[in-house]
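Comments concern the structure below.
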Amino acid sequence: MNLFKRAWWRLTAQLGKTLMLTGLFFVVCTLVLSGFLVQSAADRAAADAKKKVGAVATMQMDINALMDKRGLEGGGQQGLKVDPSDELRTGPVDKLGKSPVVRRYSYLIEAAALERGKFKLYRAAPPPPGTETEQGDFFKPEGVPDTEALPAFRNGTHKIISGRGIGPDTEGKVAVLEKRLAEQNGVKVGDKITVGSFRGDIQDSKAVELTVGGIFEDETPSSRDRYTPALSDPGNRFYISSDAAAALNDEKPGAVGTSVREATFTLDGPEGLAQLKKDAKAAGLDPEIYPLKLNDKQYQALVGPISKTAGFATLTVWLVSIAGVAVLGLIVANALRERRRELGILLAIGEKKPKLLGQHLVETVACALIAIGLAVPASQALAQTAGNSLLAGEVSSAQNDGDSSEPDYANSMGGEKEPKPEAEPIDRIDVKLTASDIAKVGATGLGIATLATLIPGLRTLRLEPREILTKGE
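So, in structure tokens, the structure goes:
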């Protein structure tokens, strides 16, 4: 008799057992497919996060490494003097910024400026009588190559409201002023302002003329309740081009460029750091004196919870698959034990063992196929709900760990907290059912059905008909 016909009769004759086996396969396939869906959704989210924000590598001159090297080479006290040529310069930084692993780069040139002529400091509150203000009565502009590369502009803390910011194509001595400073002095985009260079000695100050290229608004409020030094007031913040910073520092850049306090390089991911170090060495930057330190907090804040969620989904797939093989194998083995007499009689009348095993395999696979079809719509809803819940939990845990372990630090502009993250951690995933996911769960389900049938089936059918009929009696 045809094994398919005999399998059909068996499935319809014992409908209760057929439904039970189909139900078990449905649970297993739903969980497995949900795990696959969460995995693929997490992979897509991680790829999107990688495009949105990369890892940031920071470069500064290590003064201790420089002193150690100078001491070994020159000896004596000569190693304690830092030559201007040893400082980090814009020339090598610009060269390193062209590395293929760098998405964008920026640097910070320290400068200071004094009031000159009609251009005055902004004061939210007047100083109390008798207060010494000379030490804090100067501007602290920051020289940058591209304001849009600064975290404050990327995350919206600073916003251009008139004109334009400083960019790679900016030429000349350009300044971008904070709104409060511009309004107090009555200047607008295109106006000229004059400030005094300040290298520590007021007597050596020289007049430097700057062009106002743009005006921005800083959401940090000024303190009106009590006096704060003008240097610390966010209203006195402004950014200047590299040429303007060189003029205020009384430098003639030349081919090596202007002195840089810090340079930052945004990479596609942490894996680009090794190549960046090689490129830095090729650009003439000693890796010991100008070390590159990776700050991938933004990258990990986005990708970390997603990776943990994907890892949990992978573990779930494996555990459910192994448990499915074990449970279904026991059920099939029990079914074969109940059908021992039937198997023995069929073998005695000449039925081939492979054909009998094939019948049981067809019965199990039929239940598996029905279960897979039912699991497809159910698993999508389960994966969306479970994935979002797991991811939200991982994000909350990561944020709590970050809040408890990382204090706030003030920057040089008077106690402003470290900028808020540019991008919020991803706490939702977009589950999409694809043909690939269905193929994977189909292969997994059929693999479980095959193993659950062959392992106990081969053990039983290796016996002779007489042994099958008499064993256990």
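Position in the sequence shown counted from 1, then plus 1065, gives you our numbering. Yeah, the Cβ is synthetic: ideal placement off N, Cα and C, and Gly gets one too. Because the structure is a prediction, the values reported are computed rather than measured.
Whole-Å CB distance - residue i paired with residue j, under 8 Å assumed
| i | j | result |
| --- | --- | --- |
| Leu1179 | Phe1263 | 5 Å |
| Glu1175 | Arg1326 | 5 Å |
| Pro1352 | Lys1342 | 6 Å |
| Ile1231 | Val1209 | 6 Å |
| Gly1162 | Phe1330 | 7 Å |
| Ala1500 | Ala1433 | Wrong, their Cβ atoms sit about 18 Å apart, outside the cutoff. |
Burial state of residue i, where buried means 16 or more other Cβ atoms lie within 10 Å
| i | result |
| --- | --- |
| Glu1243 | buried |
| Asn1067 | exposed |
| Asn1360 | exposed |
| Ile1410 | exposed |
| Met1124 | buried |
| Asn1301 | buried |
| Lys1205 | buried |
| Gly1349 | exposed |
| Leu1153 | buried |
| Gly1139 | Bear in mind that a pLDDT of 44 at Gly1139, under 50, signals an unreliable position, so the number given afterwards is only what the model happens to contain. With fewer than 16 other Cβ atoms within 10 Å, it is exposed. |
| Lys1070 | exposed |
| Lys1497 | exposed |
| Arg1245 | buried |
| Leu1421 | buried |
| Pro1521 | buried |
| Lys1505 | buried |
| Leu1384 | exposed |
| Ala1078 | exposed |
| Asp1502 | buried |
| Gly1279 | buried |
| Gly1100 | buried |
Beta-ladder partner(s) of residue i, from DSSP
| i | result |
| --- | --- |
| Tyr1304 | Glu1207 and Val1241 |
| Met1124 | Ala1328 and Leu1357 |
| Ala1107 | DSSP output for Ala1107 lists no bridge partner at all. |
| Ile1371 | Ile1371 pairs with nothing; no bridge assigned. |
| His1056 | The question about residue 1056 has no answer here: the residues shown for the chain are numbered 1066 through 1538. |
| Arg1154 | Ser1324 |
| Ile1280 | Ser1227 and Leu1242 |
| Thr1051 | The chain is shown only over 1066 to 1538; residue 1051 falls outside these bounds and no answer can be derived. |
| Ile1174 | Gly1208 |
| Phe1101 | Its beta-bridge partners do not exist; DSSP assigns none. |
| Leu1179 | Gly1261 |
| Phe1184 | Arg1181 |
| Val1167 | Leu1332 |
Cutoff 7 Å; reference residue i; Cβ partners in own chain excluding five residues on either side
| i | result |
| --- | --- |
| Thr1095 | Ala1440, Ala1443, Ser1444 and Leu1447 |
| Gly1081 | none |
| Ala1272 | Arg1181, Thr1259 and Gly1261 |
| Trp1029 | Lying outside 1066 to 1538, the shown extent of the chain, residue 1029 is not represented and no answer is given. |
| Arg1591 | Since the first residue of the chain shown is 1066 and the last is 1538, residue 1591 is not available in this structure. |
| Val1430 | Leu1511 and Ala1514 |
| Phe1203 | Ala1177, Ala1178, Leu1179, Phe1263 and Leu1296 |
Same chain only: Cβ atoms within 6 Å of residue i, ignoring 5 sequence neighbours per side
| i | result |
| --- | --- |
| Gln1249 | Tyr1187 |
| Ala1436 | Thr1087, Phe1090, Phe1091 and Cys1094 |
| His1223 | Ala1217, Phe1281 and Asp1283 |
| Gln1449 | Val1496 |
| Ala1398 | Pro1521 |
| Thr1083 | Leu1076 |
Beta-carbon proximity of residue i to residue j, cut-off 9 Å
| i | j | result |
| --- | --- | --- |
| Ala1190 | Tyr1292 | yes |
| Ala1347 | Leu1357 | no |
| Ala1328 | Leu1516 | no |
| Ala1312 | Val1239 | no |
| Ser1306 | Asn1314 | no |
| Pro1286 | Pro1299 | yes |
| Thr1374 | Ala1107 | yes |
| Gly1337 | Val1167 | yes |
| Gly1389 | Asp1159 | no |
| Gln1340 | Pro1233 | no |
| Leu1380 | Val1121 | no |
| Gly1228 | Val1254 | yes |
| Leu1523 | Leu1426 | no |
| Ile1387 | Met1085 | no |
| Val1382 | Val1097 | yes |
Proximal residues to residue i (C-beta, below 8 Å), its chain only, five neighbours per side dropped
| i | result |
| --- | --- |
| Lys1257 | Glu1274, Leu1275, Thr1276 and Val1277 |
| Asp1127 | Glu1353, Ile1354, Tyr1355 and Pro1356 |
| Ser1171 | Val1209, Pro1210, Asp1211, Ala1214, Leu1215, Ala1328 and Thr1329 |
| Arg1075 | Gln1424 and Glu1428 |
Closer than 8 Å: residue i CB and nearest the ligand COA heavy atom
| i | result |
| --- | --- |
| Leu1395 | Here there are no bound small molecules, and the ligand COA is not part of this structure. |
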